[in-house]
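Participant: If you read the sequences in order, they're chains A and C. When the letters of the first sequence are read in order and numbered with the numbering used here, they come out as residues 50 to 163. When the letters of the second sequence are read in order and numbered with the numbering used here, they come out as residues 426 to 537.
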Amino acid sequence: DAGVTQSPTHLIKTRGQQVTLRCSPKSGHDTVSWYQQALGQGPQFIFQYYEEEERQRGNFPDRFSGHQYPNYSSELNVNALLLGDSALYLCASSAGLAGTDTQYFGPGTRLTVL
Amino acid sequence: SQQGEEDPQALSIQEGENATMNCSYKTSINNLQWYRQNSGRGLVHLILIRSNEREKHSGRLRVTLDTSKKSSSLLITASRAADTASYFCATDEETSGSRLTFGEGTQLTVNP
């Protein structure tokens with residue numbers, strides 16, 4: 050049983066560019082959440098997708114957007130990249146929105162903005 | 426915003442010793458989860474404790490939860506060099522719908 054997978058592993062972009070990160074949830078999970086983790090910090094919640102809709106959003110600008118497909122996989126898009134967007138981006142999957150289940154994290158995508 | 430606060434920020438011990446990390450939070454929760462992270466890689470889930478539970482064990486891990494004090498502790502017994510990592514607590518707030526709020530983490534170093 051594959052766990053949560055993310056691609057790519059590493060990415061280098063320049064300021065102003067756009068980036069798309071991808072996530073496949075653990076088998077049987079239908080909810081995907083995205084987190085940003087700056088160096089030396091704890092992860093910060095970006096947004097959550099369930100039934101192909103954004104259900105919750107953290108304190109991130111509209112430059113951060115996402116999508117969930119019918120197979121529950123998800124994308125995180127970031128437009129007009131800033132140096133401060135350099136971080137580890139983590140995807141987590143869980144079952145439903147009840148808030149009672151374990152969230153499983155993928156290995157992350159390390160984004161560097163130059 | 427960060428809800429959980431881990432204490433201490435860094436901990437260095439010898440192999441075989443026990444390591445205790447503490448976490449405090451601010452709001453009512455559904456559950457509290459502990460994660461481990463090695464060198465900026467993905468988070469590995471360690472243990473989940475629900476708001477109606479007071480203590481939970483998993484192998485060498487023991488987690489306690491005191492909802493009246495809004496605090497939790499993670500005890501790793503008989504530590505090994507391989508336990509060297511950052512440890513994070515994450516709370517699932519009652520009104521959050523499975524959105525996790527993380528603390529800043531505790532960096533544990535286990536010296537051989």
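Virtual Cβ for every residue (Gly too), placed ideally from N, Cα, C.
(1) Output, in sequence order along the chain, the residues in the segment 71-89 of chain A whose CB is closer than 9 Å to any CB in chain C.
(2) Could you compute how far the alpha carbon of A/C72 sits from the alpha carbon of C/T489?
(3) Helix or strand or just coil, what does DSSP make of A/I115?
(4) Closest to A/Q67 by C-alpha separation, out of A/S142, A/T151 and A/S135, would be which residue?
(5) Select from the segment 97-123 of chain A all residues with a C-beta closer than 8 Å to any C-beta belonging to chain C, and list them in chain order.
(6) Verify the CB distance criterion: does C/S426 have a CB-CB separation below 9 Å to chain A?
(7) According to a CB-to-CB cut-off of less than 8 Å, which residues of the segment 470-491 of chain C neighbour chain A?
(8) Quick one: give me the first and last residue of the beta strand (DSSP E) that C/E430 is part of.
(9) Have a look at A/Y118, A/P92 and A/Q86 and flag the residue whose alpha-carbon is nearest the alpha-carbon of A/T80.
(10) Short check: CB of C/T452 to CB of C/K481, under 9 Å?
(11) When the Cα of A/S82 is compared with those of C/G530, C/R524 and C/T534, which residue comes out closest?
(12) Taking all protein chains shown into account, decide if C/Q434 is buried (16 or more other Cβ within 10 angstroms of its Cβ) or exposed.
(13) Nearest to C/C514 by alpha carbon, out of C/N536, C/Q532, C/S437 and C/A506?
Facilitator: Short version:
(1) Residues are counted here when their Cβ sits less than 9 Å from a Cβ of chain C; for the segment 71-89 of chain A these are T80, S82, Y84, Q86, L88 and G89, given in chain order.
(2) Counting from 1 along the first sequence, the entry for residue 72 of chain A is found at position 23. Counting from 1 along the second sequence, the entry for residue 489 of chain C is found at position 64. The alpha-carbon atoms of A/C72 and C/T489 are separated by roughly 33 Å.
(3) Against the first sequence, residue 115 of chain A aligns to sequence position 66. One detail in the question is off: residue 115 of chain A reads as Gly in this sequence, not Ile. Here A/G115 sits in strand by DSSP.
(4) As a working mapping, residue 67 of chain A is identified with position 18 in the first sequence. Across the set A/S142, A/T151 and A/S135, the C-alpha of A/S135 shows the shortest separation from the C-alpha of A/Q67.
(5) Q97, R104, Q105, G107 and N108
(6) For this step, residue 426 of chain C is matched to residue 1 along the second sequence. Residue confidence for C/S426 is low, a pLDDT of 43 falling below 50, so the modelled location carries little weight and cannot support an answer.
(7) H470, L473 and R475
(8) The sequence position of residue 430 of chain C within the second sequence is 5, counting from 1. Note, C/E430: beta strand (DSSP E), E430 to D432.
(9) Taking the first residue of the first sequence as position 1, residue 80 of chain A is located at position 31. Comparing Cα-Cα distances from A/T80 to each of A/Y118, A/P92 and A/Q86, the minimum goes to A/Y118.
(10) Along the second sequence, one-based indexing puts residue 452 of chain C at 27. Along the second sequence, one-based indexing puts residue 481 of chain C at 56. Not a contact, by the Cβ cut-off of 9 Å.
(11) By 1-based counting over the first sequence, the position of residue 82 of chain A is 33. Taking only the C-alpha atoms, the option nearest A/S82 is C/R524.
(12) For this step, residue 434 of chain C is matched to residue 9 along the second sequence. Answer is exposed; the Cβ neighbour count stays below 16.
(13) In the second sequence, residue 514 of chain C corresponds to position 89, counting from 1. C/C514 has its Cα closest to that of C/Q532, out of C/N536, C/Q532, C/S437 and C/A506.
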